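Just so we're aligned: the sequence shown equals residues 49 to 430 in the working numbering.
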Amino acid sequence: MSDATNDEGRTGDGTRAVRAGLPEPVKYEPTLPGPVFAAHFHLPGEVTGPYAYGRDDNPTWTLLERAIGELEAPGAEGVETLVFASGMAAISSVLFSQLRAGDAVVLPSDGYQVLPLVRAQLEAYGIEVRTAPTAGNAQLEVLEGARLLWIESPSNPGLDVCDIRRLVDAAHAGGALVAVDNTLATPLGQRPLELGADFSVASGTKQLTGHGDVLLGYVTGRDLEAMAAVRRWRKIVGAISGPMEAWLAHRSIATLQLRVDRQNATALRVAETLRQRPEVSDLRYPGLPEDPSHKIASQQMHRYGCVVSFTLPTRARAERFLTALRLVEDATSFGGVRSTAERRRRWGGDAVPEGFIRMSVGAEDPADLVADLLRALDESSD
Ligand SMILES: *Cc1c(COP(=O)(O)O)cnc(C)c1O
């Protein structure tokens, strides 16, 4: 599925990833300049030019924003990217800068586990919040009169997928803006702006940076007026990325295509392995041909992600399985080069069974990982 060479005359994903956001070469300067640590910049006289105060702009952000923009919307004109301290900062910047008291917003009912807290805050500000599941394009049913549609596809942790273009067309026909949480897919897996969305929003904490050592978020948008409001929100809230984090993120993007291709291919192999096991139920991976998400995913995604979810019969069995694993750490988050898995119900937020496990497939050798999973399944059986 990966578009190594591109039919639209663009360079391939790997080439774009390693070159994304690099400045023009300057003799004796590094390829990717190091992080610029500055609270303020020299500013004699009039306030002109991009860099005055470190809460508003930073040269390290500029290069990273350019890199993410080149991956989210290659070749597009007039698209802007802004980086944030975290995925939640990016999500909040769109919702709280675009919505006013009296507006209605449509959220997924099965989205990221912090969305219910966001919902309560939106409602406290007099914004009407409607929710519907991602599967079956159910958000179409509650769109009437909404100002903003928020899509999360694939959804986390359920891995349902909706028809983004169809939802965008319906939302735009009714005058609503559309934002897509692109965290799970990464811009190499899905490009929401090319599917018509106004914003692609993501946590860069996950597979985009991929090493489990950086919190980051970003918003890429095509509507420059809307993006000006997002930028204003970043300024007033101050939810900015540190220069070191921004630089680490940019450095990590160079290996994005290598990581996603390896991790996603292994995720498919893990799913094919788990499919054979009688104690595994409700196995989900959008890349499996028989998965309920596969048909739409294959039409709108370039890659299917590194997350596999499944259910073991009981909470105790799931806990024994996680403890028995040696190569897979029991930890939250996903997308890193080291595999992780967790029992999602321990957080209390997601509406999933007690034995539900979300696994993030890392960059280990596929055979080692499969062997570890099979051994842990055997050792954890009653
Ligand atoms: C992790 C995550 C977020 C939040 O990102 P942070 O960087 O942790 O703030 C938002 N959406 C999805 C789908 C996520 O997985």
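From the three backbone atoms N, C-alpha and C, an ideal C-beta is built for every residue, glycine too. Computed from a prediction, not measured in an experiment: that's the story for all the values here.
Contact check, V409 vs V356, beta carbons under 8 Å: It is a contact, given that the beta carbons lie within the stated cut-off.
Cβ contact check for the stretch 254-264 and the stretch 118-137: 3 or more pairs under 8 Å: These segments touch.
Any alpha helix (DSSP H) of 4 or more consecutive residues that is wholly inside the stretch 264-308: The stretch 264-308 contains these whole alpha helix (DSSP H) runs: 272-285, 291-301.
Among V177, K343, D211, I301, the one whose alpha carbon lies nearest that of G252: When each option's Cα is compared against that of G252, the closest is I301.
Alpha carbon of R282 to alpha carbon of D378, nearest angstrom: Spanning the alpha carbons of R282 and D378 requires a straight line of approximately 34 Å.
T59 versus V66: straight-line alpha-carbon distance, rounded: Those two C-alpha atoms are separated by around 11 Å.
Other residues of its chain near E171: CB distance less than 7 Å, five sequence neighbours each side excluded: By the criterion of a C-beta distance shorter than 7 Å, E171 is surrounded in its chain by V177, once the five residues flanking it on both sides are discounted.
Residue closest to E192, alpha-carbon to alpha-carbon, out of C210, E77, D151: Checking every option, the nearest Cα to that of E192 belongs to D151.
N106 CB to nearest heavy atom of ligand 1 below 7 Å: No, since every heavy atom of ligand 1 falls outside the 7 Å radius drawn around the Cβ of N106.
Beta-ladder partner(s) of Y101, from DSSP: Answer by DSSP bridge pairing, in chain order: H88.
3 or more residues per run - each beta strand (DSSP E) lying fully within the stretch 131-179: Whole beta strand (DSSP E) segments, 3+ residues: 152-156.
Where the beta strand (DSSP E) containing W198 begins and where it ends: Its beta strand (DSSP E) spans residues 196-200.
Outcome for A221 when other beta-carbon atoms lying within 10 angstroms are tallied against a minimum of 16: Looking at its Cβ environment, which holds fewer than 16 other Cβ atoms inside 10 Å, A221 is exposed.
Closest Cα partner of V228 within the set E338, Y160, A297: With respect to the C-alpha of V228, the residue from E338, Y160, A297 having the closest C-alpha is Y160.
Presumed contact (8 Å Cβ cut-off) between V48 and H298, rounded CB distance: Because the chain here runs from 49 to 430, residue 48 falls outside it and cannot be looked at.
Cα-Cα separation, G206 to V226: So the alpha carbons of these two residues sit roughly 21 Å apart.
Alpha-carbon to alpha-carbon, L304 and Y99: A straight line joining the alpha-carbon of Y99 with that of L304 spans about 29 Å.
Sequence-distant residues of its chain with Cβ nearer than 6 Å to T321 (five each side left out): The beta carbon of T321 lies closer than 6 Å to those of V418 in the same chain, with the five residues before and after it left out.
Beta-carbon proximity list for V35, same chain, < 6 Å, skipping 5 on both sides: Look at the range of the chain in this structure, 49 to 430, and you will see that residue 35 is not part of it.
Status (buried if at least 16 other CB within 10 Å, exposed otherwise) for M407: Result: buried.
Own chain partners of V190 with C-beta closer than 8 Å, once the 5 adjacent residues on each side are dropped: Only V154, R178, T179, A180 meet the Cβ criterion.
Of the residues A287, G184, S381, L111, the one placed nearest K254, counting alpha carbons only: It is S381 whose Cα lies nearest to the Cα of K254.
DSSP state of S203 mapped onto helix, strand, coil: Note: S203 maps to coil in three-state DSSP.
Any non-hydrogen atom of ligand 1 closer than 7 Å to E120 Cβ: Not under cutoff, so the answer is no.
Per-residue DSSP class, three states only, for S346: Here S346 sits in helix by DSSP.
Span of the alpha helix (DSSP H), counted from its first residue to its last, around A424: It spans 414-428 - the alpha helix (DSSP H) in which A424 sits, taken as one unbroken run.
Pick from P71, D246, F85, R323 that is closest to G290, judged by C-alpha positions: Considering only alpha carbons, the answer is F85.
Between the CA atoms of E427 and A389 - distance to the nearest angstrom: Distance from the CA of A389 to the CA of E427, rounded to the nearest whole angstrom, comes to 17 Å.
Boundaries (first-last residue) of the beta strand (DSSP E) holding D330: Where D330 is concerned, the enclosing beta strand (DSSP E) stretches over 329-332.
Distance cut-off 7 Å: E200 Cβ against heavy atoms of ligand 1: E200: yes, Cβ under 7 Å from ligand 1.
Sheet register partners of S248 (DSSP bridge): Per DSSP, V228, T268.
Expected contact under 8 Å - CB spacing of Q187 and L215 to nearest Å: About 6 Å; that satisfies the 8 Å criterion.
Span of the beta strand (DSSP E) around R386: Annotation: R386 is outside any beta strand (DSSP E) and is labelled neither H nor E by DSSP.
Distance, A287 Cα to T314 Cα: T314 and A287 have their C-alpha atoms roughly 35 Å apart.
Inter-stretch contact (C-beta, 8 Å, three-pair minimum) for the stretch 395-407 and the stretch 337-352: Here the stretch 395-407 does not lie against the stretch 337-352, with fewer than 3 beta-carbon pairs under 8 Å apart.
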